[in-house]
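Trainee:
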Amino acid sequence: MTVTPDRPTPTAAADPTPTIIDRFVAANRAYALTFRDGGMDARPVQRIAVVACMDARLDLFAALGLELGDAHVIRNAGGVVTDDTIRSLTISQRALGTRSIALIHHTGCGLLGLTEDFRRELELEVGQRPQWAVEAFVDLDGDVRQSMQRVRTSPFLLHTDDVRGFVFDVHTGLLREIG
């Protein structure tokens, strides 16, 4: 006797409203119609890696005058230098030729004032403690300095002489350098 697996029965018609990802896919198809491979190498033209927050208000290419192919852009919550950031920077330098690193935090960051309580609350909710630290901070300038120090002292990075840190003001669009 042949047994067929149970198949879910549709209970309602599928929602015809496209999701944001559906819109991304449609936009990509339109983009691909005129896309031309510029023959770029994976090595950034400007030989720089930028580490910045994932905040959607930061248009790094426009704010820094970058063009496609100019820089490696590494983004995470807070723009903090974590082990994974060091991993990406190490590959960027050792395999793909970058020499300079710009670290960019910003005003109004969601990590400002967040605490490690976030991890404890998450553990209570899902029953498992995250392996990662929140890396929240209350001192924006101090966290930029800490990130610069983590880069400068990493044994994996070859080029740490041109590391600079900044705070991007989300209201003015200006960078303020942190010494």
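Taking the working numbering, the leading residue of the sequence shown gets 219, the next gets one more, and so forth.
Even for Gly, the Cβ is constructed at its ideal location relative to N, Cα and C.
1. Over the uninterrupted alpha helix (DSSP H) stretch that includes A281, give me the two end residues.
2. Would you tell me roughly how many angstroms separate the C-alpha atoms of D361 and G256, rounded to the nearest one?
3. Taking I266 as the reference, which of A289, R382, L251 and V344 has the closest Cα?
4. Report back the beta-carbon spacing between E334 and V352 to the nearest angstrom; my notes put them in contact at under 8 Å.
5. Give the DSSP bridge partners of L330, in chain order.
6. Drop a sphere of 10 angstroms on the beta-carbon of V269, count the other beta-carbons inside from all chains shown, and report buried for 16 or more, exposed for fewer.
7. At what residues does the alpha helix (DSSP H) containing R338 begin and finish?
8. Let me know the beta strand (DSSP E) ranges lying completely inside the segment 281-313, each 3 residues or longer, listed in chain order.
9. What are the partner residues of R363, as DSSP defines its beta bridges?
10. Using the Cβ count rule (16 or more neighbours within 10 Å means buried), how would you classify L286?
11. Measure the alpha-carbon distance for P348 versus R254 and round it to whole angstroms.
12. Along the alpha helix (DSSP H) that carries L251, what are the first and last residues, could you check?
13. Can you tell me whether R382 is helix, strand or coil according to DSSP?
14. For the beta strand (DSSP E) that contains H324, what are its first and last residues?
15. Can you check DSSP and say which residues form a bridge with V369?
Mentor: So, from the listed chains and residues:
1. Per DSSP, A281 belongs to the alpha helix (DSSP H) from L278 to L282.
2. About 38 Å.
3. Of the candidates A289, R382, L251 and V344, the one whose C-alpha sits nearest the C-alpha of I266 is A289.
4. Right, their Cβ atoms sit about 6 Å apart.
5. L330 pairs with F355.
6. Residue burial is scored here from C-beta neighbours: V269 has at least 16 other C-beta atoms within 10 angstroms and is therefore classed as buried.
7. Per DSSP, R338 belongs to the alpha helix (DSSP H) from D335 to V344.
8. Entirely contained in the segment 281-313, the beta strand (DSSP E) runs reaching 3 residues are, in chain order, 289-294.
9. Note: R363 sits in no beta bridge, so no partner.
10. With fewer than 16 other Cβ atoms within 10 Å, it is exposed.
11. Distance between the alpha carbons of P348 and R254: 42 Å.
12. In this chain, the alpha helix (DSSP H) harbouring L251 covers I238 to T252.
13. If DSSP states are grouped into helix, strand and coil, R382 belongs with the strands.
14. Judged by DSSP secondary structure, H324 falls within the beta strand (DSSP E) whose first and last residues are S318 to H324.
15. The partner list for V369 (beta bridge, DSSP) is empty, contrary to what the question assumes.
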